[in-house]
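To start, the structure under review is shown below, and the notes come after it.
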Amino acid sequence: MSKSEIINLLAKETKLRKEEIENLIEIPPTSELGDYAFPCFILSKHFKKSPSEIALKLSRELSKEIEATKNLGSLGKNINEIKAVGPYLNFFVNKINLAEKIIKINSNFGKTNIGKGKKIAIDFSGPNIGKPMHIGHIRSTIIGDSLIKIYNFLGYKTIGINYLGDIGLHIGKLIVAYELWLNKPALKKDPVNELLRLYVQFCGKEKSEIKEGQEDNDEFSNNEWTNKAKEKLKLLELGDKKTEKIWHEIQQASGRTFDKIYDILNIDFTETTGQSQFSDKGRQIVINALERGIAKKEEDGAVYVELFDKNQKEPNKKYIQRSNETASYITYDLGAAVERAKKYKFDKMIYVTDFRQAGHFDSLFTILKLMKYDFADKLIHLPFGTIRFGDEIIATRTGDIILLEDVLKKTIEKAKSEIKKRKTKGDEQKVGVGAIKYIVLKNEPTSDVHFSWETALSFEGNTGPYLQYSYARASSIIKKAKSKNFNQKLKRIPPLTKYEIELIKKISDFEEVVQKAGETMNPSLIANYSFELAQTFNEFYHNCPVIKDEQEAFRLKLVDAFRTCLKNSLYLLGIEVMDEM
Ligand code: ARG
């Protein structure tokens, strides 16, 4: 609130860009020096004066402006004083005024409409049919869902797309394995594990590895088994009934397990489509690229576009169709992008995947640009790093693939025993899922996540359970208070302690944090804000008695405002709160 007003004020007066000002603004070491400080060094060159002279000049001019609006708009009311202290311009916020606003916030707190009239599509999760969802998919799923919530909050219309890998070489492999080695009762009982067993058996024959995060790139040329898989793929594209039937059975078995996981995570999508639905469109684009001379055909039928890398003199061949004329990962993505642009007319489409697909998206976007699709510059790839499990590798049947289902199950079980140990009333699923989502989101998307159950489920420190617990603590204070005091009308804001001021200021930062998270596609800003918010609250709570205190009425309202703010903040991370824990 006040920080953004200060930024606007400075932008008008100095002609610096808002982002520049925002990065420069500091919080003074003690509150006697003010609430925000702007160092004037950067303006020296432009104004041809020393930073201290500039600070003095600006303080006079801005103070005049504030004075003039004292009785009009919010600006003069929100800022009490602007002082030059050496090369710094220090701002003093009107805390009473801020407190008045904060205690009135409601469930819409933090929402804005900066995205009004704009549409953002997000392609996230996208597990591969027939394979279990592995731990890499969890990051895409959780980050994507959080971004959807953030953009919605900012007033955008959002479209969440789950793009299932329902076709591709892995499907060819599975069909071969299914025909040879399927154990029917096992498939019925435990579809994930049976399909995984088949896949692993195939990879054993083929001598390939099951890699995480780099799907469909595992092509071997002239491998007898890989060729069998390619033949199945071809049969599928030709509409062979028997092959199609197996494919549908695999789809159904996988679909059930994916839904179970989305249910536990409490995540849904606007649309779920398979890659295979874009086969025709993809092929049309390939033909069109050939006709226009953008793509070329090899003798064996493979089609490629020559792409120039910045540092390379020779072009790279990027294949957009395989040798036996079957579609590949990028063929479908070409088709899907074009269809979605037509259907949704988005202003932006974000693909959330593992960083190892960066090259794929780079080629995809470049080819669409070469083909002059007008939406091509609206596409963004948001890559994320790896999740590492430290020493605690969960043993799976293959030994080296970590299944999402196992991680979820184990975390929820651990949450249950933690709750039991503490004799509290939490909901183990909300705690367990919250712990996982939080550990994924508190890290910037690009960095690696180091996962350990012990830290994830700790009730202390920068964890999901700690935040949920802080919420429950605030709820219990309110519950304990007599309802009469809670509803009591405040005549005026009492003199504020530094703990109250800190909390009020922290709450007032929320709106800006959400905006920044949206601009930078970075939910970790909200996660880390939530943690600071909870810490500030706990600091306040340890130093300022609430119940039966002289200031009970005001403090209860402040506790409630904190609760509202934390709830919204956690909501944007997809984490549910509980009144008791
Ligand atoms: N199925 C892919 C994988 O598991 C992710 C899909 C990402 N979305 C896309 N449009 N290519 O790695």
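So the sequence shown is numbered by our numbering: it starts at 623 and just counts up by one. Beta carbons: idealized from backbone N, C-alpha and C, even for Gly.
Going by DSSP in three states, residue i sits in which element: helix, strand or coil?
i	result
Y1163	helix
Q1173	coil
E703	strand
T1085	coil
L855	helix
I868	helix
A799	helix
E648	strand
A659	strand
V974	strand
F669	helix
L956	helix
I1115	coil
G896	strand
P1067	coil
F997	coil
Q943	strand
L613	Outside the shown range of the chain, which is 623 to 1203, sits residue 613, and nothing can be said about it.
A677	helix
I1129	helix
I1009	strand
K967	coil
N1150	helix
K919	strand
I1002	strand
N845	coil
N938	strand
A1183	helix
L1025	strand
L860	coil
What's the C-alpha gap between residue i and residue j?
i	j	result
E1035	K634	55 Å
H756	E641	38 Å
L1026	P1087	20 Å
T892	I1126	37 Å
E961	K994	15 Å
G981	L929	11 Å
K850	N946	13 Å
C1010	I872	First, the residue type needs correcting, since residue 1010 is Arg and not Cys in the sequence shown. In a straight line, the C-alpha of R1010 is about 30 Å away from that of I872.
I952	Q897	10 Å
I718	D745	45 Å
K637	I701	21 Å
L1188	N730	12 Å
P807	K867	18 Å
P650	N630	19 Å
I907	I727	51 Å
S672	A1057	51 Å
Y821	N1190	42 Å
D788	K740	30 Å
T1020	G826	In this prediction, T1020 scores a pLDDT of 49, lower than 50, which makes its location untrustworthy; the coordinate-derived value is nonetheless stated afterwards. Looking at the two C-alpha atoms, the distance is approximately 11 Å.
R1185	I972	32 Å
S626	G1083	30 Å
N1160	Y941	57 Å
E1133	K1031	35 Å
L791	N938	23 Å
Going by alpha carbons, who is nearest to residue i out of the options?
i	options	result
D902	E859, T1142, E936, I916	E859
R1044	P1005, Y1091, E1066, S1074	Y1091
D862	I797, K918, K919	I797
I1148	N1160, L1195, A949, K1102	L1195
A706	P661, I725, G732, T691	P661
K733	I725, Y926, I772	I772
T948	F900, Y778, E654, K932	F900
R944	G915, M971, L855	L855
D890	T780, L665, A911	T780
N815	K753, I742, I1169	K753
R1114	I725, A959, I770, K625	I725
N712	Y785, S830, E689, L655	L655
F775	L1192, V1136, A963, E1174	V1136
L1001	K1059, I886, L990	L990
N1165	E648, E1124, D1028	E1124
K810	T1158, Q874, T975, I770	Q874
Secondary structure, beta strand (DSSP E): runs of 3+ residues fully inside the region 713-792: 741-745, 779-786, all fully within the region 713-792.
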